[in-house]
Amino acid sequence: MPVQNCRPVPAPVLELSAGALASSASQPSLWPAATGCHGATSAAALVTTSSCHDPSALLLSPISVNLLPLVRKGGLGAWQQFGRGEVQEAREQHGCNQVTHLRSCFCYPTERNQQVELYPPRSRAGDVISASRMSSLPLSKKHCVSGPDPKSNSNCSSACSETFKMSSGPANEMPVKGSETDIDEGLYSRQLYVLGHEAMKHLQTSSVLVSGLRGLGVEIAKNIILGGVKAVTLHDQGTAQWTDLSSQFYLREEDIGKNRAEVSQPRLAELNSYVPVSTYTGALAEDFLSGFQVVVLTNTPLEDQLQVGEFCHSHGVKLVVADTRGLFGQLFCDFGEEMILTDTNGEQPLSAMVSMVTKDNPGVVTCLDEAQHGFESGDFVSFTEVQGMSELNGTCPIEIKVLGPYTFSICDTSGFSDYTRGGIVSQVKVPKKISFKSLLASLAEPDFVTTDFAKYSRPALLHIGFQALHQFCAQYGRLPRPHNEEDATELVSLAQAVNARALPAVQQDNLDEDLIRKLAYVAAGDLAPINAFIGGLAAQEVMKACSGKFMPIMQWLYFDALECLPEDKETLTEDKCLACQNRYDGQVAVFGSDLQEKLGNQKYFLVGAGALGCELLKNFAMIGLGCGEHGKVTITDMDTIEKSNLNRQFLFRPWDVTKLKSDTAAKAVRQINPHIRVMSHQNRVGPDTEHIYDDDFFQNLDGVANALDNVDARMYMDRRCVYYRKPLLESGTLGTKGNVQVVIPFLTESYSSSQDPPEKSIPICTLKNFPNAIEHTLQWARDEFEGLFKQPAENVNQYLLDPKFMEQNMRLAGTQPLEVLEALQRSLVLQRPQNWADCVTWAFHHWHAQYSNTIQQLLHNFPPDQVTSSGVPFWSGPKRCPHPLVFDVRNSLHLDYVMAAANLFAQTYGLRGSQDRAAVAILLQSVQIPEFTPRSGVKIHVSDQELQNTGASFDDSRLRELKLMLPSPEALPGFKMYPINFEKDDDSNFHMDFIVAASNLRAENYNIAPADRHKSKLIAGKIIPAIATTTAAIVGLVCLEMYKVVQGHQKLESYKNSFINLALPFFSFSEPLPPLRHQYYNQEWTLWDRFEVQGLQPNGEEMTLKQFLNYFKTQHKLEITMLSQGVCMLYSFFMPATKLKERLDQPITEIVSRVSKQKLGHHVRALVLELCCNDESGEDIEVPYVQYIIC
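If you want the numbering used here, it's the 1-based position in the sequence shown plus 142.
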């Protein structure tokens, strides 16, 4: 469609409703031609559409999902690729001709948190917002609303509606700004990086009702209480039964017969003192329901669901319905006829630097080729700092059409001024208006979110099955008996009747009776992992309902994990699944008593007791893992509990802060199930602890579950599991994203089989001289911190204590020997302070050196008007021309820097600092700063390549001079310095004060927009966003895989690797990849195979190197050309003859000890030897490693 000149027109408002998804998608475009350009549209409700006729298939489009391919694991474990063939099949089946992109997102493990300050006790009452404040107006069916006139002379400024200017919140008119609501950033730190402050304020003004306190209900309540809503009311009229104890972790055996809500309330209330938790055991009357922003129904009859649902829909109360039945789960959302979403995906807005804008219709924007812009067609962008074509600056957001990785088109720019240079284009998040059908309407005409593309037709079948299940319960007053054929047949009949009455769009031509029978077999079961998964999802939907953040489930989600059932379907009988009046009855109803016994006798190693570790321990206790006579769970974590952990590591309480995580978690989980046999350790896993986690330890294990916070430890544990041939359950989260990878010996690849893409690093010259983004200045500030307050102190202490320091320093590469000695001279002679005033003076001088003198020197070398040899301005493209700063004591940022730097400098010398800003300001008046004159001949490198090409050399005489000038260690008896390790979560230690001030001052030098403390902490502290909902859901999936591992499933297709993103929402399940197969001669092998060589001969003597080489030549027809153990080379064909002759007659272990210069530990029973070999024809050949057994 040709693009028209922009003119004042009504701005379109697009509605996205559950029922209209398919119909709206079939239209090629919803934008009226009169809008003129791709952009500047009202932000009230903007929807990406594709030509797709199936509503469930269309769900891929508005949430922008890229299925080609999903990115590999980051620190999380393997993500699986959704194959191109499967996408093509989906396109052909559902008429889709477009699948839009989900931007690459990597998941990394959660770092440990550092905050120690406790949050205050509960101080606010749990008042609720009255029903009169809730909007119940129906959504307007018009597609346009009027807006203000466009900016004059700006073709890209068509109607900016007032809707775009507002901060849109949920449709029930809760306060938008939340000005009266304070947020405890110490507690909610990691969650704030997921939700943001505005969404968090909406949470804190929302009261939630959770009805039904069985396993699913308590999981939802736990997550939303941790999340920090205003108040939670627990509703349940039932009493605790034995079957509840299989998943309700806040019920005890002594609670049987008591009201579930009343028993659970005090335990849930401990989770978050900011959230009042009350109980209600009466009927759900309308006047009671009107006091809540969100109502959650679990374990509720369909008739009651419909009654509550109609009231909520007509009165602006958001509704979430969740149910689990054995291995099946159901979730429904109704957030009203009108809901405004402020952010549909939670991703950080993208930005790029502009290199060219054409004068055309439409105008084409080209970005610098340093990195792809990452935008998608339909995104909205704004422009700043464009020189020449200044009409683009400050316009309303413009919709774009992507033309390539570096180009996109905008509106008509033919009447604009000529583009000169510069400019930053930034993605703008635009609000979207969505609409929901009521439960009654949606029950008849459902829209589904697909959770597993391999089970694409299953949601519609389960929609019928769950309705039949409700009818069964209403008719018989109970659920179908576990694995009872009579009840299963009855449920099939009811399902057929439901299907016959269904509307044509829902009705199934061939009802899958086998699926309905399986639903009947397991419906009486109550499984903690299923509740954890569905409960995590449901709690996230509650947060969406409260905050307007992220795309809700539209509107039904069904899930099943039937792969968990025994592969031999004949093993389960009704007799084996009978209730025995114990805490595992809900699980025995699904899997039978045999699996329960196996679970109890499992020996598992849980590595990590953070968020994932706490959830895993809770699930282990619920399913009975390690609870038998011969079972055991060993957990290790060396960290202590900090305040920010409390928001999602739910086994910990405020009074546990500073205690060891592993000990506290073990103690807490014994309260959940006193039968669990758990042992806590405080060890880091790695080579240093292999004498603890040795052969005996691993050989006695049945499996390992990782709950780690770094990739190195993950890969180490992966190697250990491969070596000992143990199953590994791997998982991780990043905000609303998470994934699970299952590693099974001989059946799947390992965690380390695929490598992550390397992290993008910032060029050194960009950091030192040419920053163009706040990320650059923050990294520079972190480097400053290390270079000022840690490394110099460490070098001084090493110089004073290590007699070989000078010798070792001279071996350093390049100019490092000179740089280290110059730093020593500064620390011990030139800049050594004697008192606090000296520290302030140093900080003041350093401020001028960094933010004035250095910039003046840079501009002396490269003046603002300098032109390169090709005629291009030097200060263009990614190079931003800086300007020096002038210190102003009245500028709070300037004084912030001096205060932080002076205090940190004082700490490194053991001097007392000060927080008296007024006194410091007075001190600064007496400090004289010499005038700086730029020097000629100073070399400043423009690129890293230029830096590398410059030979690193220094004057030896200068080195000798420095050695003479340094005081000897003997002249400084008792003197030492105190290196400072960066700690981001303690707001009283000046660390983040320094980082924020240092970064934002440098940003001011280069005219870069500053970052507030919250954002600075995220980037500089490399904080991993985290939220309890994702953790709960991911761990539920982990434990579903554990069921399969314990049963010994042998089929690859039985296992599921998974990736989820609750913000979109998006789910991907796929079978693990098999291990890569290799071959030498006719022998196939994988990473799970090895040569096993018995080092001790029958005569009791150990095999020599010569015998080892001959063994492989005679037994395997392999000529070893190189042999190594770890980093030690034991043998090579090019080894000098004298050394070779010496080693050939030595035992292997003796050679290892001599080369490594370390004795083998008593715990070592075998060595891992790596081979390079030739076959009989002399060709290199790849072979497995050797397990060399020495005892």
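For each residue, glycine too, the CB sits at the ideal point set by N, CA and C.
A quick note: this is a predicted structure, and the numbers were derived from the prediction, not measured.
The C-beta separation of K932 from P1115 comes to about 24 Å, leaving the pair out of contact by the 8 Å criterion. DSSP places Q617 in the helix class (H, G or I) of the three-state scheme. Excluding the 5 residues flanking it on each side, Q824 has same chain C-beta neighbours closer than 8 Å at T778, D779, M780, L802, S804, D805, in chain order.
Beta-bridge pairing by DSSP links Q1225 to Y1222.
Rounded to the nearest whole angstrom, the C-alpha separation of Q1057 and A985 is 14 Å. When C-alpha distances from S873 are compared across T1173, N535, Q1267, the shortest belongs to T1173. Taking all protein chains shown into account, M1184 has 16 or more neighbouring C-beta atoms within 10 Å of its C-beta and is therefore buried. For a cut-off of 8 Å, the C-beta gap from F1211 to A382 is around 33 Å, too long to register as a contact. Considering only E936, Q883, Y1223, the residue with the shortest C-alpha distance to E1213 is Q883. Distance from Q1288 to L1247 at the Cβ level is roughly 6 Å; contact confirmed, criterion being Cβ atoms closer than 8 Å.
Contact check for L376 against S420 passes: the beta carbons are separated by less than 9 Å. A contact is defined here as three or more CB-CB pairs under 8 Å, and the segment 351-363 meets this definition with respect to the segment 396-409. If the five residues before and after E412 are omitted, its C-beta is found closer than 7 Å to the C-beta atoms of R795, all from its own chain and listed in chain order. Only residues of its own chain outside the window of five on either side were considered, and among them L930, F931, P975, C981, W984, A985 have a CB closer than 8 Å to the CB of F1047, listed in chain order. Annotation for T919: no beta strand (DSSP E) segment contains it, though the alpha helix (DSSP H) segment containing it runs 916-931. Per DSSP, E949 has no beta-bridge partner at all.
Annotated as distal: P1109 and S892, with beta-carbon spacing of 9 Å or more.
Secondary structure at H823: strand, using DSSP grouped into helix, strand and coil. Unbroken alpha helix (DSSP H) stretches of 4 residues or longer found wholly inside the segment 563-599: 581-586, given in chain order. In the structure shown, T1171 adopts helical secondary structure according to DSSP, grouped into three states. Exclusion of the five residues before and after N743 leaves G770, H772, G773 as the residues of its chain whose Cβ lies within less than 6 Å of its Cβ. Non-local beta-carbon contacts of A979 in its own chain, meaning distances under 7 Å to residues more than five positions away in sequence, involve L1065 in chain order. In this structure the segment 1220-1240 does not touch the segment 1194-1212; the number of beta carbon pairs closer than 8 Å is below three.
For a cut-off of 8 Å, the C-beta gap from L1000 to N911 is around 6 Å, short enough to register as a contact. Within the same chain, and ignoring the five residues on either side of Q609 in sequence, the residues whose Cβ sits closer than 6 Å to its Cβ are V640. Per DSSP, A985 lies in no beta strand (DSSP E); the unbroken alpha helix (DSSP H) holding it starts and ends at 978-990. Secondary-structure assignment with DSSP links A464 through a beta bridge to T440, L473. Annotated three-state conformation of K868 is coil, per DSSP. Rounded to the nearest whole angstrom, the CA to CA distance from M1134 to L545 is 42 Å.
According to DSSP, residue pairing for C1314 in a beta bridge involves M1264.
Distances from the CA of G828 to each of S822, D836, M821 were compared; the closest alpha carbon is that of D836. Under the three-state reduction of DSSP output, P1015 falls in the strand class. By the neighbour-count criterion, in which a residue is buried when 16 or more other Cβ atoms sit within 10 angstroms of its Cβ, R1102 is exposed. A distance below 7 Å between beta-carbons, with the five flanking residues on each side excluded, links L1027 to the following residues of its chain, in chain order: Y993, S994, L1143, E1146, N1147.
S903 sits in coil when the DSSP states are folded into three classes, being neither helix nor strand. Around the beta carbon of H833, a 10 Å sphere encloses fewer than 16 other beta carbons of the protein chains shown; the residue is thus reported as exposed.
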